[in-house]
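All remarks here apply to the structure that follows.
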Amino acid sequence: MASSLPFHAACFFDLTGGTRRRAFSPYTPKAMLFFSRTYGVPIVTDPADLAAFDTVFFSLHCFRDFYRVAEMAHWKRAGQQWVAGGNAAATPVGVAWIMDYVWVGDCRDSFPAILRGERDLPGMVHTAKGLHPVTYVDEDLAPGLLSDAEMEVSKGCPRRCLFCIHPWRHRYQEQPEADVVRFIAQAKGRGLGLISNSSNDVSYYAAIDDTLARFGKTDMTVSNSVHGLTPVFVERRKREVFLGVEGMSAVLRQIVNKPISQEVLREKIALCLGHGKQIRTVYQFNLPGETMDDFDELRADVAAMRSQFSAGSWAIPFIPNQPSAHTPFQWLVPTYRLEMFDAIQAFRTSLFGSRKTGIAIYCPAPLGVARWFAQVIAEWIPVTPAVARAVKRLPARGTVPEMVDALAAQGVTLPPAFLHRQQDTVFPWSHVQTAGDDADKWARFTRMQDRIRRKAA
Ligand code: SF4
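With our numbering as the guide, the letters of the sequence shown map in order to residues 10 to 466.
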């Protein structure tokens with residue numbers, strides 16, 4: 010669907026140099042590929058080629074992209090306009106120093122106008138005017154495909170875990186069931202990307218699963234809900250079963266509003282391993298209220314599965330929690346428990362060679378504190394080349410206050426609110442209004458504090 014819009018002087022810049030454009034990778038910048046393909050906007054991977062363009066679009070996928078922008082910022086030529094969008098752009102402060110405009114929110118409806126040169130649009134931050142109020146653009150789920158093999162099936166998430174960006178920026182929406190079923194039936198390929206934050210939670214997922222089975226096709230991008238796993242689904246699943254468990258214990262999962270009892274978790278993992286499926290259970294550490302006892306529960310779950318099954322493949326990655334902007338977690342002071350990191354590393358080492366005695370368990374090394382801290386502060390301060398250089402000189406290990414001090418010693422200071430948050434704290438992203446499914450995030454936060462207190466009592 011090529012357009013006749015006057016876009017000739019505009020391009021996208023791919024910050025990953027084209028290395029992340031694999032189909033179905035979670036790291037693929039889907040928006041950039043979609044807009045490039047739909048409107049014929051070229052994608053540039055070498056910054057030396059940018060001079061020919063008047064407008065450069067950036068699709069910022071994660072906070073590491075802010076540092077990539079800092080590294081290539083000197084390529085911006087006089088008179089050239091830089092415009093950022095993407096998931097990470099919901100907290101514009103990190104890139105507002107170099108971008109002329111930052112688009113906050115969904116862009117599928119608005120991109121043609123932006124490409125035409127319109128800038129006075131809802132959701133558009135004019136950085137020359139400072140970080141002025143804008144409303145996060147939560148578009149209606151667009152009909153149509155992202156590519157021949159990909160369709161956005163739902164947006165937002167009905168589960169509302171307190172740490173997760175999806176339910177707090179977007180209303181929960183689903184495509185009409187008939188459109189999805191038709192797409193599955195008519196798509197030429199066998200591997201399809203049915204994009205959804207929690208596939209089994211789509212209200213008609215049974216019909217999707219039946220249609221995939223009937224036409225011998227597979228959902229390549231599925232992220233499953235633990236509760237939603239059924240024997241039929243597991244039996245049919247040809248690819249890895251991906252489960253966001255998040256909390257190491259049932260109590261922690263309740264605290265963060267992702268209640269999965271230990272009994273249900275073990276039952277569902279056993280269901281997958283019993284069917285010979287490869288599984289991936291993603292956990293977070295540094296969740297509020299977490300103690301070493303919570304890790305003991307996880308270790309006991311793993312031991313129970315190892316005693317029950319003599320074969321299988323199980324990946325257990327750990328992600329350090331980063332309190333996300335625009336969620337009830339935004340009032341949490343970022344914490345990185347070095348003791349927990351060490352325990353995870355010891356656990357990981359203990360699993361080396363596990364395949365020789367039963368289930369092959371793979372536990373990748375978690376993100377260390379220095380790189381995690383670099384991501385966290387990218388939501389708080391402009392990520393200039395000077396800040397990027399200072400971040401590279403941070404110690405490899407330290408508590409959060411020690412990291413704050415190490416940064417200050419290099420002349421980079423964080424706002425006092427970084428370590429001291431109150432109900433009325435003005436965050437660097439407070440100028441962006443988000444609603445999602447429940448705009449009263451503070452009430453959710455205070456109820457979570459009650460649960461933390463009950464756990465500690
Ligand atoms: S973590 Fe997963 S289940 Fe929870 S709200 Fe986010 S997408 Fe939904």
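Beta carbons are placed, not taken as given, at the ideal position from N, Cα and C, and that holds for glycine.
query, result
"If you drop the 5 nearest sequence neighbours on each side, which residues of the same chain put their C-beta closer than 7 Å to that of I386?", "L423"
"Any idea which residues DSSP pairs P329 with across the strands?", "F294"
"Would you be able to state if there are at least three C-beta pairs under 8 Å between the stretch 162-169 and the stretch 129-142?", "no"
"For the putative contact between T144 and W438, defined by C-beta atoms under 8 Å, what is the C-beta separation to the nearest angstrom?", "The Cβ separation is near 13 Å, so there is no contact."
"Would you call S12 buried or exposed, if buried means 16 or more other Cβ atoms sit within 10 Å of its Cβ?", "For S12, the predicted structure reports a pLDDT of 42, less than 50, and the residue's modelled location is therefore unreliable. The matter cannot be settled from this model."
"Would P337 and W177 be called neighbours here (beta carbons separated by less than 9 Å)?", "yes"
"Using CA coordinates, which residue listed in I461, R289, E299 and L252 is at the minimum distance from N330?", "E299"
"How about N206: is its Cβ closer than 8 Å to a heavy atom in the ligand SF4?", "yes"
"Assign P15 to one of three DSSP states: helix, strand, or coil.", "Caution applies to P15, whose pLDDT of 48 falls short of 50 and renders its modelled position unreliable; the value that the coordinates give is listed next. The answer is coil: DSSP assigns P15 none of H, G, I, E or B."
"Looking only at DSSP bridge pairs, what is L201 linked to?", "D228"
"Round the Cβ separation of A97 and V113 to the nearest angstrom and send it over; I've been treating them as touching at under 8 Å.", "Contact doesn't hold; Cβ gap of about 11 Å is too wide."
"Just checking S333 against the ligand SF4 - is the residue's beta carbon closer than 8 Å to any of the ligand's heavy atoms?", "no"
"Does the ligand SF4 have a heavy atom nearer than 8 Å to the CB of G256?", "no"
"What residue range is occupied by the uninterrupted alpha helix (DSSP H) comprising G94?", "No alpha helix (DSSP H) contains G94, which is instead part of the beta strand (DSSP E) from Q90 to G94."
"Tell me, to the nearest whole angstrom, how far the beta carbon of A334 is from that of E388; I am working on the premise that it is less than 8 Å.", "5 Å"
"Classify D23: buried if its beta carbon has 16 or more other beta carbons within 10 angstroms, exposed otherwise.", "buried"
"Tell me which same chain residues have a C-beta within less than 7 Å of the C-beta of G26, skipping the five on either side of it?", "T54"
"Are the beta-carbon atoms of D210 and G237 separated by less than 9 Å?", "yes"
"Using 10 angstroms around the beta-carbon of R462, count the other beta-carbons present and answer buried if the total reaches 16, otherwise exposed.", "exposed"
"With H, G and I counted as helix, E and B as strand and the rest as coil, what does DSSP make of F21?", "strand"
"Would you kindly report the start and end of the unbroken alpha helix (DSSP H) that includes E276?", "Q271 to G283"
"Go to I217, then tell me how far its beta strand (DSSP E) extends in each direction, as first and last residue.", "Here I217 belongs to no beta strand (DSSP E); instead the alpha helix (DSSP H) covers Y214 to R223."
"E272: buried (16+ other C-beta within 10 angstroms of its C-beta) or exposed?", "exposed"
"Determine the burial state of Q339: buried for a count of at least 16 other Cβ atoms within 10 Å of its Cβ, exposed for fewer.", "buried"
"Please return the same chain residues whose Cβ sits closer than 7 Å to the Cβ of C406, not counting the five positions on each side in sequence.", "The question names Cys, but residue 406 in the sequence shown is Arg. For R406, where only same-chain residues beyond five positions count, the Cβ hits under 7 Å are L347 and V378."
"Please classify A471 as buried or exposed, where buried requires at least 16 other C-beta atoms within 10 Å of its C-beta.", "The displayed coordinates of the chain run from 10 to 466. Any statement about residue 471 would go beyond what the structure contains."
"Is G253 near the ligand SF4, going by C-beta to nearest heavy atom under 8 Å?", "yes"
"In chain order, which continuous runs of the alpha helix (DSSP H) of length 4 or greater are located wholly inside the stretch 380-412?", "394-401"
"Determine, using beta carbons only, whether D74 and F66 come nearer to each other than 9 Å.", "no"
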